[in-house]
């Protein structure tokens, strides 16, 4: 018995947006989040923790990307989060340079 065609996404671009948002966008958000933490807290401990929690966060973000209805919307959210975390990285390196 074949799958019901109304549940399948025949278009290429929505599928491509979800897959790339899951893999690339999730990785980008995960790394910028942990680098933002490292710029405000002790770098060695945060980067060591990132080896484990970064992978878990990446997998969670991948699942969220596939649960979303629109791949483009999830891309926008992931880019916005990455920009916010990048701003936190910049501010952490500017105002808190003594953290080692």
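Residue numbers (the working numbering): 983 to 1082. For each residue, glycine too, the CB sits at the ideal point set by N, CA and C.
query: Starting from residue 1038, trace the alpha helix (DSSP H) both ways and give me its first and last residue.; result: 1025 to 1049
query: What is the DSSP secondary structure of residue 1079, counted as helix, strand or coil?; result: coil
query: Would you mind working out which of 1053, 1072, 1067 sits nearest residue 1002, comparing C-alpha positions?; result: 1053
query: Whole-angstrom Cβ separation of residue 1004 and residue 1034, contact assumed at under 8 Å?; result: Not quite, the Cβ-Cβ distance comes to about 20 Å (not below 8 Å), so this is no contact.
query: Say the cut is 7 Å; is the CB of residue 1001 nearer than that to a heavy atom of the ligand NAP?; result: You won't find the ligand NAP in this model; it holds no ligand whatsoever.
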